[in-house]
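J.:
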Amino acid sequence: EPEVTQTPSHQVTQMGQEVILRCVPISNHLYFYWYRQILGQKVEFLVSFYNNEISEKSEIFDDQFSVERPDGSNFTLKIRSTKLEDSAMYFCASSEALRRSRTRDFGPGTRLTVT
Amino acid sequence: AQKITQTQPGMFVQEKEAVTLDCTYDTSDPSYGLFWYKQPSSGEMIFLIYQGSYDQQNATEGRYSLNFQKARKSANLVISASQLGDSAMYFCAMREGGAGNMLTFGGGTRLMVKP
Numbered sequence: 001e002p003e004v005t006q007t008p009s010h011q012v013t014q015m016g017q018e019v020i021l022r023c024v025p026i027s028n029h030l031y032f033y034w035y036r037q038i039l040g041q042k043v044e045f046l047v048s049f050y051n052n053e054i055s056e057k058s059e060i061f062d063d064q065f066s067v068e069r070p071d072g073s074n075f076t077l078k079i080r081s082t083k084l085e086d087s088a089m090y091f092c093a094s095s096e097a098l099r100r101s102r103t104r105d106f107g108p109g110t111r112l113t114v115t
Numbered sequence: 116a117q118k119i120t121q122t123q124p125g126m127f128v129q130e131k132e133a134v135t136l137d138c139t140y141d142t143s144d145p146s147y148g149l150f151w152y153k154q155p156s157s158g159e160m161i162f163l164i165y166q167g168s169y170d171q172q173n174a175t176e177g178r179y180s181l182n183f184q185k186a187r188k189s190a191n192l193v194i195s196a197s198q199l200g201d202s203a204m205y206f207c208a209m210r211e212g213g214a215g216n217m218l219t220f221g222g223g224t225r226l227m228v229k230p
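Going down the list, the sequences are from chains A and B.
Going by the numbering used here, the first residue of the first sequence is number 1, and it counts up by one from there.
Going by the numbering used here, the first residue of the second sequence is number 116, and it counts up by one from there.
As C-alpha cells, then:
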C-alpha cells in the first residue's frame with residue numbers, strides 16, 4: 001500500500017541554522033500538508049499546498065518557514081533560522097484531489113531537535 | 116472556543132473489553148469530516164476511521180467504530196475487544212468544508228490497555 005515517506009527521521013541542529021525537512025507524498029495525491037507536534041502537545045497545522053502554491057497557512061507559518069515542491073515527487077519544508085521552540089515532530093501529509101477526501105495519510109514524521 | 120475537545124487525558128481499559136474515547140467538536144459549517152488517529156509511542160500518526168457530516172450511517176473499520184451524534188456534536192471512537200497493542204495516544208480531528216483541507220486536532224487521549 002502506498003505511503004507518505006519523510007527524511008530524515010531525526011535531525012539535530014543548532015539554533016540559527018537552516019534545516020530542510022523532506023517528504024515524498026503518495027504519488028496520485030495532489031494536496032500536501034505540513035503539521036507539527038511539540039512534545040506532549042496536540043498536532044498543529046502549518047501549511048497546505050496545492051497546484052504548486054500555498055493554499056492555506058496558519059499563524060505559526062511565519063517568514064522563517066517556506067515550502068517547495070522542487071520536482072514531481074518531493075515536498076520540502078525549510079526553516080530558515082531555527083529557534084529552540086522549533087523543536088518538535090514535523091509531519092507531512094497528503095490527500096487526494098477531492099476537497100472532501102475521506103482519508104488523510106501522514107508520514108512517519110521528522111523529529112527536529114534544536115540545541 | 117476549542118474546535119475539538121477530548122476531555123479524557125488518560126484512560127485505562129482491561130484487555131478484551133470495549134472502550135469509548137470521547138470527542139466533541141464545534142463548527143457552524145454544515146459540511147465537515149471527522150477523523151481519528153492513533154499515535155503509538157514510536158510517534159507515527161495512523162489513520163483509523165473517518166465520518167462525514169452527511170454520512171447516513173456511523174463509520175466502522177474492523178474493531179473501530181464511530182458513535183456519531185450530530186445534534187450533540189460528538190464523534191466518539193469505540194474500540195471493541197481491546198488489545199495490548201491498542202495502548203497509544205488517540206487524536207480526534209476535524210476538517211471543515213469551508214476551511215480547505217486542513218485538519219484541526221484535539222488534545223488527545225492516552226489509552227492504556229491492562230493485561
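Virtual Cβ for every residue (Gly too), placed ideally from N, Cα, C.
Quick one: list the residues of chain B neighbouring residue 42 of chain A, beta-carbon separation under 8 Å, in chain order.
T.: Numbered from its first residue, the first sequence carries residue 42 of chain A at position 42. In chain order: 206, 220, 221, 222 and 223.
J.: Going by beta carbon distance, what residues of the same chain come within less than 6 Å of residue 135 of chain B, once the five residues before and after it are set aside?
T.: Here residue 135 of chain B refers to the residue found at position 20 of the second sequence. Excluding sequence neighbours, residue 135 of chain B sits near 191 and 193.
J.: Could you check where the beta strand (DSSP E) with residue 22 of chain A kicks off and where it finishes?
T.: In the first sequence, the residue the question calls residue 22 of chain A occupies position 22. Taken as a continuous stretch (DSSP letters only), the beta strand (DSSP E) holding residue 22 of chain A covers 19 to 24.
J.: CB residue 225 of chain B to CB residue 216 of chain B, shorter than 8 Å?
T.: Against the second sequence, residue 225 of chain B aligns to sequence position 110. Against the second sequence, residue 216 of chain B aligns to sequence position 101. Not in contact: residue 225 of chain B and residue 216 of chain B (Cβ atoms no closer than 8 Å).
J.: Got a sec: which bits of the region 69 to 84 of chain A sit with their beta carbon under 8 Å from any beta carbon on chain B, in order along the chain?
T.: Of all residues in the region 69 to 84 of chain A, none has a Cβ within less than 8 Å of some Cβ in chain B.
J.: Return the residues of the region 151 to 165 of chain B that lie within a Cβ-Cβ distance of less than 7 Å from chain A, sorted by chain order.
T.: Result list: 158, 159, 160, 162 and 165.
J.: Can you name the start and end residues of the beta strand (DSSP E) that residue 229 of chain B belongs to?
T.: One-based indexing of the second sequence puts residue 229 of chain B at position 114. That run of the beta strand (DSSP E) goes 224 to 229.
J.: Given this structure, state the Cα-to-Cα distance separating residue 123 of chain B from residue 152 of chain B, to the nearest angstrom.
T.: For this step, residue 123 of chain B is matched to residue 8 along the second sequence. For this step, residue 152 of chain B is matched to residue 37 along the second sequence. Their backbone Cα atoms lie some 15 Å apart in a straight line.
J.: Going by beta carbon distance, what residues of the same chain come within less than 6 Å of residue 118 of chain A, once the five residues before and after it are set aside?
T.: Only positions 1 to 115 of chain A appear in this structure, which leaves residue 118 of chain A out of reach.
J.: Who are the Cβ neighbours of residue 25 of chain A in its own chain at under 6 Å, not counting the five residues just before and after it?
T.: Counted from its first residue, the first sequence places residue 25 of chain A at position 25. Result list for residue 25 of chain A: 4, 32, 75 and 94, in chain order.
J.: Residues in the same chain with beta-carbon distance under 6 Å from residue 10 of chain A, minus the five sequence neighbours each way, listed in chain order, please.
T.: Locating residue 10 of chain A in the first sequence gives position 10, where the first residue counts as 1. Counting only Cβ-Cβ distances below 6 Å, and skipping sequence neighbours, we find 111.
J.: Please tell me whether residue 209 of chain B has its Cβ less than 8 Å away from any Cβ of chain A.
T.: The count along the second sequence starts at 1 and reaches residue 209 of chain B at position 94. So no, residue 209 of chain B is outside the interface.
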